[in-house]
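Engineer: Before I ask anything, here is the structure I am working with.
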Amino acid sequence: MLNVNEIFRSIQGEGKTAGKEVIFIRLSGCNLHCIWCDTPYCWNWNSTSFSHPVKFDVQNELHQMSIDSILDTLLSLDAQCKQVVITGGEPLLQMKELELLCTRLVDSGYGIEIETNGTISPTSQLMLLVEQFNCSPKLKHSQNDMRVANRPEVLKHFAQRPNVFFKFVIANEDDIPEVLDLVKTNGIMQHQVYLMPEGQTKEEQELKEQQVRSLCEKHSFNFSPRLHITELGGGRGI
Ligand code: SF4
105 MLNVNEIFRS IQGEGKTAGK EVIFIRLSGC NLHCIWCDTP YCWNWNSTSF SHPVKFDVQN
165 ELHQMSIDSI LDTLLSLDAQ CKQVVITGGE PLLQMKELEL LCTRLVDSGY GIEIETNGTI
225 SPTSQLMLLV EQFNCSPKLK HSQNDMRVAN RPEVLKHFAQ RPNVFFKFVI ANEDDIPEVL
285 DLVKTNGIMQ HQVYLMPEGQ TKEEQELKEQ QVRSLCEKHS FNFSPRLHIT ELGGGRGI
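Each residue of the sequence shown is one higher than the one before, counting from 105 in our numbering.
See the structure below:
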């Protein structure tokens, strides 16, 4: 059984595969608590002490689902779509069950991307099953305890893999020294890096897009749009 928040059909909004039609499987629970998190409903339950201001009822947001039931849901959403993105929360918190799910998905002809915050190393078995990892290390502006959020041994492990790409949310130019330090310290290659504008609305994205594009050019990084916000309006199930 896996703790699932939601399963929905959409497009990949960010990173190397932005624009691709996929089905998202959002797992519940996160080991970080970013102050600007746009999916607090999958981890920020009522009565927790996390400083993120918007709380949710765990009974409504955490669904225990068997692998058979997850596969049935994928088929009912779109039997033709054979690409899934497993996201969260932090999916790697459920490593053992995730391995079993990914094994069944691969056996059923699915390609898999996993989104992770870069604090937990996947098992070698999971590395073999997944086509692409999208690793999104959190910067200081996330207001996490950086002793938990910055795990060099995990980032170094990911950086050595050709199928891992790193996404950084950029609020402004002041974030760049922190990104450059993470890239240098952990052996991340520039072509693995995508910078994305911070912002929850289309207007906020457009305001910062040119600045982030210029920073990408200056440092030889890739620019990533956030299509789920700019094209689909953002929000739950998108
Ligand atoms: S790591 Fe991701 S899911 Fe977890 S709190 Fe941060 S933004 Fe939200």
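Glycine residues also receive a C-beta, built at the ideal position from the N, C-alpha and C atoms.
Within its chain, find whatever has a CB closer than 8 Å to the CB of G123; leave out the 5 residues flanking it on each side and keep chain order.
Structural biologist: Excluding residues within five positions, the ones whose Cβ falls inside 8 Å are I115, Q116, L331.
Engineer: Give the range of the alpha helix (DSSP H) segment to which H137 is assigned.
Structural biologist: No alpha helix (DSSP H) contains H137, which DSSP labels as neither H nor E.
Engineer: What is the C-beta distance between E257 and N238, in whole angstroms, given that I count them as a contact (C-beta under 8 Å)?
Structural biologist: Not quite, the Cβ-Cβ distance comes to about 19 Å (not below 8 Å), so this is no contact.
Engineer: Would you mind stating whether L259 and L286 have Cβ atoms separated by less than 8 Å?
Structural biologist: In this structure, L286 lies closer than 8 Å to L259 by Cβ.
Engineer: Taking Cβ to Cβ, would you say I139 is nearer than 8 Å to S155?
Structural biologist: Yes, Cβ-Cβ distance for I139 and S155 is below 8 Å.
Engineer: Could you check if R130 is buried or exposed, using at least 16 other CB atoms within 10 Å of its CB as the buried criterion?
Structural biologist: Its Cβ being crowded by 16 or more others within 10 Å, R130 is buried.
Engineer: May I ask whether a heavy atom of the ligand SF4 can be found less than 7 Å away from the beta carbon of T143?
Structural biologist: Yes.
Engineer: At which residue ranges does the segment 142-185 contain complete beta strand (DSSP E) runs of 3 or more residues, listed in the order of the chain?
Structural biologist: Runs found: 167-169.
Engineer: By how many angstroms is the C-alpha of Q315 removed from the C-alpha of M169?
Structural biologist: So the alpha carbons of these two residues sit roughly 42 Å apart.
Engineer: Counting pairs of Cβ atoms below 8 Å between the segment 185-203 and the segment 214-232, do you hit three or more?
Structural biologist: As far as the Cβ criterion goes, the segment 185-203 touches the segment 214-232, which means the pair count is three or higher.
Engineer: Classify H137 as buried or exposed, calling it buried when 16 or more other Cβ atoms lie within 10 Å of its own Cβ.
Structural biologist: Burial call: buried.
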